[in-house]
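J.: Residue numbers for the sequence shown, in my numbering: 58 to 294. The beta-carbon is built from N, C-alpha and C at its ideal position, and this holds for glycine as well. All values reported here derive from a predicted model rather than from experimental measurement.
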Amino acid sequence: MKLLAVDSTAAPASVAIWEDGRLCGEFFIHTSLTHSVTLMPMCQALLQNTMTDIKEIDAFAVTAGPGSFTGVRIGVAAVKGMAQALDKPCIAVSTLEAMAQNLLGTDCIICAVMDARCKQFYNALFQSKGGVLTRLTQDRALSHVQLAADLKAYQKRIILTGDGSQAAYALLSDEVKNLELAQPLLRYQRAGGVAMAAYRLYMQGEHFTAARLMPFYLRLSQAERELKKKTEGAKKC
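1) Who does A116 pair with in a DSSP beta bridge?
2) Taking C-alpha atoms, which residue in A268, A252, F265, R257 lies nearest to L80?
3) Looking only at DSSP bridge pairs, what is R197 linked to?
4) Measuring CB atoms only, is the stretch 183-197 touching the stretch 239-247, in the sense that at least three cross pairs come out at less than 8 Å?
5) Report yes or no: do the stretch 110-128 and the stretch 149-163 share at least 3 C-beta pairs separated by less than 8 Å?
6) For G138, which residues from the same chain have a beta carbon less than 7 Å from its beta carbon, with the 5 sequence-adjacent residues on both sides left out?
7) Give the DSSP bridge partners of A169, in chain order.
8) Looking at the structure shown, is A67 part of a helix, part of a strand, or coil, going by DSSP?
9) Please report the distance separating the alpha-carbon of Q184 from that of I215.
10) Report the rounded CA-to-CA distance for G162 versus A248, giving the unit in angstroms.
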């Protein structure tokens with residue numbers, strides 16, 4: 058079983074190839090170049106460097122959200138295109154669950170956070186124990202006040218990971234005393250983590266055709282929020 062996994066939900070971009078529980082190769086970049094420029098060349102280079110023919114790929118995985126609206130769309134479109142051309146299945150992975158894979162093997166509560174702007178975080182909580190990851194909450198968008206209230210319910214070690222972890226730590230650490238920051242190398246979602254989560258989902262039968270692969274945004278884009286506000290204002294007039 059060979060997977061090609063892609064992530065472009067935030068500033069970094071990464072691609073990975075995974076085969077039967079083993080990471081065969083991974084490329085990760087964090088530059089000012091746009092994902093529309095870098096993502097497909099990275100896929101091609103990784104296939105070449107691992108001596109893999111794209112026809113050998115059994116399924117394609119992608120972080121379908123939450124994250125940057127543009128980044129999510131680019132990743133989903135790339136995977137849709139490859140999977141559709143080869144008539145292979147797709148696996149949609151939560152960005153937050155992909156992040157949590159970084160801390161698998163550390164017994165703790167994993168608090169995955171991304172900056173959602175508008176004074177909010179995208180967040181999900183997981184328990185890592187004995188090498189097993191258990192989801193404690195659904196993916197959600199919430200304020201730091203709401204997140205602090207949730208975290209106070211846990212007495213064990215809590216580790217923050219994700220591109221919003223430093224901002225969250227600054228806001229939460231005074232209230233939540235058992236809170237830690239993950240090491241810098243473990244704070245970003247990576248395609249290797251996407252592949253790990255995707256492999257488990259695939260084995261559980263959670264895969265589908267390219268036509269059914271859709272982004273998962275968690276909330277409306279700024280343009281959609283402004284349109285909704287205008288529409289609701291017009292109805293009141």
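T.: According to the structure shown:
1) L60
2) A252
3) N180
4) no
5) The answer is yes - the stretch 149-163 touches the stretch 110-128, with three or more Cβ pairs under 8 Å.
6) Spatial neighbours of G138 in its own chain (CB-CB distance under 7 Å, excluding positions within 5 residues in sequence) are not present.
7) Partner(s): A181, T218.
8) coil
9) 9 Å
10) 18 Å
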